[in-house]
Each structure stands twice: as C-alpha cells, then as structure tokens.
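Residue numbers (the numbering used here), protein chains in the order written: chain A, 1 to 78; chain B, 1001 to 1364. Note that the Cβ used here is the ideal one computed from N, Cα and C, for glycine as well. Everything on this sheet refers to the single structure shown next.
Put into structure tokens, the structure is as follows:
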C-alpha cells in the first residue's frame, strides 16, 4: 500500500515538473536606438511601423537624431 | 472486510478484466480515450484559428477593407499543385514557374483588394494571411483524420494521431505567436541572413544599389575587395529571389567571382545553443529548390568556392520576433564574415555575400 501511495505521489510530482518545464516564456519587443551624433544608445518599446535603420526621436543627451539600431524580443519573467 | 469477501472481490475484478480482454472492449475504451484526447486538442487548434481569423479581419478593416470575408475565403484555401516528379526533366523550371505564379497571384489578389496601401503593408497582409491559412490547413487535416479514424474505428490511425498531437499543437502555437510579428512588421529569427547583410553593408562603403526581382543588390568596397551584397528588398515581408539574382550577377561578371558566401538561419538540434554560429560549404538556403539550385549551378559552372554561414535557432525562434541573443549573434556573424573574407580571398577579389531569409523589419 505504501509503495502504491509513493508511486501516485511520484506521478503527481512528475506531471507538475513537466508542466513547469513546458511553460512557455513570454517576450516583449524592444528596440535599441543609437544617436547619430554622440553614439548614445537607449532602449524602448517597439512601436508599430518601426524598422531597423529608421530615423526617429531625438537624443536625450545631445538632441541629435536617433536611428533604430536593432529590434529584438526580450524575455519577460512574470 | 473478511478474507472471503476480499477473495470474491478479486475474483470479480479478474472476471471483468478477462471479459474486457476476450471481447476486445478494453481496446474500445482506449480508442474512446484517445479520440477524446485528440478532440480536446483539436478544439484548441480551432479556437486559435478562429481567433487569428478575427485578428486578420480587424487588420484588414483598419487598412480600409470593409468586406474582408471575400479575400480571406479565396486566400485561405489557395493551393499550389506540385509539379510532376516522375518525369524530372525541367522540374526546377516548372517548380519555379508555379512558385512565382503562386506568389504573383496572391500579390495580385491583395493588391486588388487593398489598392491604397503601400507595398510593404501589402506584403505584411500576404504573410499574415498565409500564416492563418497554415493554421487552417492543420485544423482541417487533423479534423479529417479524426473523423475518418472514428468512423472506421481505425486504432492505428487514432493512436498515431494521439501521439502526434502534442507536436502538431506546438507547431500551431508557434504559428499563432508568429502572427504578432507579421502583423506589425517586426524582424523575425529567420531574418538573420538579411540582418547580417544589412549590418555588413552599414560597415562598408556602398557605391551602388539596384533592385532585381524583389532582391536588393548592393555593391560596396570593403577591405580592398569588391563586395556584392544580395538580400531581399526590405523592410516588408519578403524573401526575394536570391538564387536567380546571384546566377544573374555571376553571368554578368562572366564568372569572375572569387567567393560566394550565403548566410541563413538554421534549425538547431535539441541541446544545441540558440544563436550559435556554424560555417560550412554549400548554399545555405531553405527554399523548395529553384533558388538553391541556381546558386549551386552558378558556383559549379565557374568553379567558384561556395561557403555557408548559419545561425542556429529553433522553429519558435525562427518564426517569431528575433531574440536579443540571436540579434547579438548577428553582430558576431559579421566579424566571422570578416575572417572568412580575409582567409579565403586576396585584395582586389570580388565576393558575393547573400543574406538569405525574410527581411521583414530590415531595410535595404
């Protein structure tokens, strides 16, 4: 009987671990902008219509034009 | 409970098991459980399909198409019949013709429905509808087999489907997740080839640019060598025709090319690191055939070294927004290309560098 209970407990634990392992991570899209003047880099959320190489926003440090250097997904831990 | 009662109970249990075995009833119970399992997962696929259809309808409505149902009905069931393969003569030519015809027909249908939006937005619509069509196809095929298997009580078919369902559901969820990137034009993992090509072009002194067959051809000078950078024309959702274009460039140069280097995303094996870079020989391109063979033919005709560089990732990473780790690998890949160029060619050489993949979100 004890062996049976142990077996059932092990099966429950295994399925719990499997579920945790299978839980997909979620990602948010961020973009890195680089100042064309002072090379200062900032990271912000992606906005629809943006693409790599697009000139947008002004540099918070020198006021120069900024270019999107990269767009990528960053993992979010909930 | 006395020992006699326990003995009777065990005998009844054994009798039930015996009856189940000799009548085959246990198999029927197993079959019903498998069918239930498949139907639960099939319902998940159906709800994903319905949800994504609504998302695409809303997208089309926002673009000014009030009656999206007509366009969706035509495109969701659009198909391409494979060319005859038992007679292989000209199969590549026939396949290329059919693939281009499919591409042009879809483009034309979307253009007619949405004449007032730009080329890039139209390409996003085409890709988005293709993804929903893929989910719809998965749903219809699974539904077909479950109905057939249940009607004919085909144990083997139902059992196979049961054990395939987790994989099928996983692929469906990947397509579902990919929809977000395609709706908003975000760069995807498969775009590493065009991204590396773009990063390399940024480092070079680009002297000219032309677009052939939806494919950008940039001529540049880099490390005293002439670079011809080939990538799909961006930033819309486009893979271009790199094979046909490379073939054309090689012919234009009468074969005076010292190296052809293709860069692409590759599906990693389980256990391998995402974003790892590997080099090799051959054409790194995952098309059905025409583009790849065009590169191989051009290289072999003039005995041009054909090298390949791949960045590894899984299917989810390839079809969804490019992960930061893979983006950083692209920067490392540019340095890797530097090394290959210096090792394999001398100053004054002509090199074709082709970034293979979907250039969505990547200009040039």
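Problem - Local conformation of residue 1042 of chain B per DSSP, three classes - result: Walking along the second chain from the start, residue 1042 of chain B turns up at place 42. For residue 1042 of chain B, the secondary structure class from DSSP, reduced to helix, strand or coil, is helix.
Exercise for the section: Compare the Cα-Cα distances from residue 1251 of chain B to each of B:1004, B:1071, B:1294 and B:1274 and report the closest residue. Expected result: The sequence position of residue 1251 of chain B within the second chain is 251, counting from 1. Considering only alpha carbons, the answer is B:1294.
Practice task
Put residue 1302 of chain B into one of helix, strand or coil per three-state DSSP.
Solution key: Walking along the second chain from the start, residue 1302 of chain B turns up at place 302. Three-state result, residue 1302 of chain B: coil.
Exercise for the section: May I have the straight-line CA-CA distance separating residue 1206 of chain B from residue 1297 of chain B, to the nearest angstrom? Expected result: Residue mapping note: residue 1206 of chain B aligns to position 206 of the second chain, counting from 1. Residue mapping note: residue 1297 of chain B aligns to position 297 of the second chain, counting from 1. Computed Cα separation, rounded: 28 Å.
Exercise for the section: Would you please state the rounded distance, in angstroms, between the beta carbons of residue 64 of chain A and residue 35 of chain A? I believe it to be under 8 Å. Expected result: Numbered from its first residue, the first chain carries residue 64 of chain A at position 64. Numbered from its first residue, the first chain carries residue 35 of chain A at position 35. Confirmed, about 5 Å.
Problem - Three-state secondary structure (DSSP) of residue 1283 of chain B - result: Translated into positions along the second chain, residue 1283 of chain B becomes position 283. Residue state, collapsed to three classes: coil.
Exercise for the section: Alpha carbon to alpha carbon, how far is residue 1203 of chain B from residue 1121 of chain B? Give it in angstroms, no decimals. Expected result: Numbered from 1 along the second chain, position 121 holds the residue referred to as residue 1121 of chain B. Numbered from 1 along the second chain, position 203 holds the residue referred to as residue 1203 of chain B. Distance between the alpha carbons of residue 1121 of chain B and residue 1203 of chain B: 29 Å.
Handout entry: chain B within 8 Å of residue 72 of chain A, Cβ atoms only
Key = Along the first chain, one-based indexing puts residue 72 of chain A at 72. Interface residue, yes.
Problem - Chain-order list of residues whose beta-carbon lies under 6 Å from that of residue 947 of chain B (same chain, five-residue window excluded) - result: Absent from the model: residue 947 of chain B. The displayed extent of chain B is 1001 to 1364, so no value can be given.
Handout entry: Through-space distance from residue 1110 of chain B to residue 1180 of chain B, alpha-carbon basis
Key = Counting from 1 along the second chain, the entry for residue 1180 of chain B is found at position 180. Counting from 1 along the second chain, the entry for residue 1110 of chain B is found at position 110. Their Cα atoms are separated by approximately 19 Å.
Handout entry: Segment limits, beta strand (DSSP E) that includes residue 1205 of chain B
Key = Against the second chain, residue 1205 of chain B aligns to sequence position 205. From DSSP, the beta strand (DSSP E) with residue 1205 of chain B extends over 1205-1212.
Practice task
Measure the alpha-carbon distance for residue 1316 of chain B versus residue 1021 of chain B and round it to whole angstroms.
Solution key: Position 316 of the second chain, counting from 1, holds the residue named residue 1316 of chain B. Position 21 of the second chain, counting from 1, holds the residue named residue 1021 of chain B. Distance between the alpha carbons of residue 1316 of chain B and residue 1021 of chain B: 44 Å.
Handout entry: Residue interval of the beta strand (DSSP E) (run including residue 73 of chain A)
Key = Counted from its first residue, the first chain places residue 73 of chain A at position 73. Its beta strand (DSSP E) spans residues 65-76.
Handout entry: Through-space distance from residue 1361 of chain B to residue 52 of chain A, alpha-carbon basis
Key = What you label residue 52 of chain A is simply residue 52 of the first chain in a count that begins at 1. What you label residue 1361 of chain B is simply residue 361 of the second chain in a count that begins at 1. Cα-Cα distance, rounded: 6 Å.
Handout entry: Test: residue 53 of chain A CB closer than 8 Å to a CB of chain B
Key = Walking along the first chain from the start, residue 53 of chain A turns up at place 53. It does; some Cβ of chain B falls within 8 Å.
Practice task
Report the neighbours of residue 27 of chain A on chain B: residues whose CB is nearer than 8 Å to its CB, in chain order.
Solution key: Indexing the first chain from 1 puts residue 27 of chain A at position 27. Under the 8 Å cutoff, chain B gives 1320, 1321 and 1323.
Problem - Close-in-space but distant-in-sequence residues of the same chain around residue 1025 of chain B (CB under 8 Å, 5 per side omitted) - result: Indexing the second chain from 1 puts residue 1025 of chain B at position 25. Excluding residues within five positions, the ones whose Cβ falls inside 8 Å are 1019.
Exercise for the section: Report all residues from its chain with a CB closer than 8 Å to the CB of residue 1208 of chain B; omit the five preceding and five following residues, and keep chain order. Expected result: Counting from 1 along the second chain, the entry for residue 1208 of chain B is found at position 208. Taken in chain order, the residues that qualify are 1218 and 1219.
Handout entry: chain B contact residues for residue 48 of chain A, given Cβ-Cβ distances below 8 Å
Key = For this step, residue 48 of chain A is matched to residue 48 along the first chain. Chain B residues near residue 48 of chain A: 1184 and 1185.
Practice task
With 8 Å as the threshold, decide whether the Cβ of residue 1361 of chain B is near any Cβ in chain A.
Solution key: The residue given as residue 1361 of chain B occupies position 361 in the second chain. Under the Cβ criterion of 8 Å, residue 1361 of chain B is counted among the residues facing chain A.
Exercise for the section: Reducing DSSP to helix, strand and coil, say where residue 1100 of chain B ends up. Expected result: Taking the first residue of the second chain as 1, we reach residue 1100 of chain B at position 100. Here residue 1100 of chain B sits in helix by DSSP.
Handout entry: Beta carbon of residue 1031 of chain B nearer than 8 Å to that of residue 1155 of chain B
Key = Counting from one through the second chain, the residue named residue 1031 of chain B turns up at place 31. Counting from one through the second chain, the residue named residue 1155 of chain B turns up at place 155. Cβ distance < 8 Å, so residue 1031 of chain B and residue 1155 of chain B count as in contact.
Exercise for the section: Go ahead and pull the three-state DSSP assignment for residue 1114 of chain B. Expected result: Here the question's residue 1114 of chain B lines up with position 114 in the second chain. Three-state result, residue 1114 of chain B: coil.
Problem - Cα-Cα separation between residue 12 of chain A and residue 19 of chain A, rounded to whole angstroms - result: Residue 12 of chain A sits at position 12 when you count from the first residue of the first chain. Residue 19 of chain A sits at position 19 when you count from the first residue of the first chain. The straight-line gap from Cα to Cα measures roughly 11 Å.
Handout entry: Segment contact, 8 Å Cβ cut-off, at least three pairs: the segment 1165-1175 of chain B with the segment 1036-1051 of chain B
Key = Flag = yes, the segment 1165-1175 of chain B and the segment 1036-1051 of chain B touch.
Handout entry: From B:1196, B:1130 and B:1161, residue whose alpha carbon lies closest to that of residue 1356 of chain B
Key = For the purposes of this step, residue 1356 of chain B is taken as residue 356 along the second chain, with counting starting at 1. Comparing Cα positions, the closest option is B:1196.
Practice task
Run down chain A in chain order and give the residues with a C-beta less than 8 Å from the C-beta of residue 1198 of chain B.
Solution key: Residue numbering aside, residue 1198 of chain B sits at position 198 when the second chain is read from its first letter. The contacting residues are 52 and 53.
Problem - Of the listed residues B:1017, B:1332 and B:1007, nearest to residue 1275 of chain B (C-alpha basis) - result: Here residue 1275 of chain B corresponds to residue number 275 of the second chain, with the count starting at 1. For residue 1275 of chain B, the closest C-alpha among the options B:1017, B:1332 and B:1007 is that of B:1332.
Handout entry: Nearest-angstrom Cα separation, counted from residue 1247 of chain B out to residue 1281 of chain B
Key = Sequence index remark: in the second chain, residue 1281 of chain B carries index 281 (1-based). Sequence index remark: in the second chain, residue 1247 of chain B carries index 247 (1-based). Each residue's Cα considered, the two are about 18 Å apart.
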